[in-house]
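Numbering (our numbering), first residue to last: 2 to 55.
Laid out in C-alpha coordinates, this is it:
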(Lines of atoms letter the chains of each structure in order from A and count residues from 1; the text may use other names and numbers.)
(Lines give C-alpha, C1' and ligand atoms only; values in the text may rest on other atoms or scores of the structure.)
Protein backbone atom coordinates (compact mmCIF):
# COMPACT_ATOMS: atom_id res chain seq x y z
CA UNK A 1 0.00 0.00 0.00
CA UNK A 2 2.81 2.41 0.83
CA UNK A 3 4.40 1.86 -2.59
CA UNK A 4 1.10 2.51 -4.36
CA UNK A 5 0.71 5.75 -2.42
CA UNK A 6 4.26 6.79 -3.27
CA UNK A 7 3.59 6.09 -6.94
CA UNK A 8 0.44 8.23 -6.87
CA UNK A 9 2.33 11.01 -5.12
CA UNK A 10 5.13 10.82 -7.69
CA UNK A 11 2.65 10.88 -10.58
CA UNK A 12 1.00 13.95 -9.01
CA UNK A 13 4.43 15.60 -8.58
CA UNK A 14 4.01 15.60 -4.78
CA UNK A 15 7.33 13.83 -4.13
CA UNK A 16 10.66 14.00 -5.94
CA UNK A 17 12.33 11.24 -7.95
CA UNK A 18 14.82 10.38 -5.18
CA UNK A 19 12.00 9.73 -2.70
CA UNK A 20 10.16 7.67 -5.31
CA UNK A 21 13.25 5.57 -6.05
CA UNK A 22 13.73 4.98 -2.31
CA UNK A 23 10.16 3.68 -2.09
CA UNK A 24 10.88 1.33 -5.01
CA UNK A 25 13.96 0.00 -3.19
CA UNK A 26 12.03 -0.44 0.06
CA UNK A 27 9.27 -2.31 -1.79
CA UNK A 28 11.82 -4.54 -3.57
CA UNK A 29 13.52 -5.38 -0.27
CA UNK A 30 10.16 -6.32 1.27
CA UNK A 31 9.31 -8.54 -1.70
CA UNK A 32 12.70 -10.29 -1.48
CA UNK A 33 12.22 -10.90 2.25
CA UNK A 34 8.78 -12.36 1.57
CA UNK A 35 10.13 -14.66 -1.12
CA UNK A 36 12.74 -15.96 1.31
CA UNK A 37 10.01 -16.84 3.80
CA UNK A 38 8.06 -18.81 1.20
CA UNK A 39 9.73 -22.22 1.28
CA UNK A 40 8.37 -25.71 0.70
CA UNK A 41 10.05 -28.72 2.27
CA UNK A 42 9.36 -32.13 0.73
CA UNK A 43 8.63 -34.95 3.14
CA UNK A 44 9.61 -38.48 2.18
CA UNK A 45 6.17 -39.66 3.30
CA UNK A 46 4.58 -37.33 0.71
CA UNK A 47 6.49 -39.05 -2.08
CA UNK A 48 4.73 -42.32 -1.32
CA UNK A 49 1.15 -41.03 -1.47
CA UNK A 50 -0.92 -42.14 -4.45
CA UNK A 51 -3.59 -39.74 -5.66
CA UNK A 52 -6.62 -40.78 -7.70
CA UNK A 53 -7.50 -37.81 -9.91
CA UNK A 54 -10.89 -39.29 -10.72
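Cβ atoms here follow ideal geometry from the backbone N, Cα and C, with glycine treated the same way.
What you are looking at is a predicted structure, and each value in this text was computed from that prediction instead of being measured.
Nearest to residue i by alpha carbon, out of the options?
| i | options | result |
| --- | --- | --- |
| residue 4 | 25, 18, 12 and 19 | 25 |
Any heavy atom of the ligand PLP within a distance shorter than 8 Å of the CB on residue i?
| i | result |
| --- | --- |
| residue 55 | With respect to the ligand PLP, the structure shown offers nothing to examine, as it has no ligands at all. |
Note down the Cα distance separating residue i from residue j, rounded to an integer number of angstroms.
| i | j | result |
| --- | --- | --- |
| residue 31 | residue 20 | 17 Å |
| residue 51 | residue 14 | 58 Å |
Would you mind stating whether residue i and residue j have Cβ atoms separated by less than 9 Å?
| i | j | result |
| --- | --- | --- |
| residue 16 | residue 29 | no |
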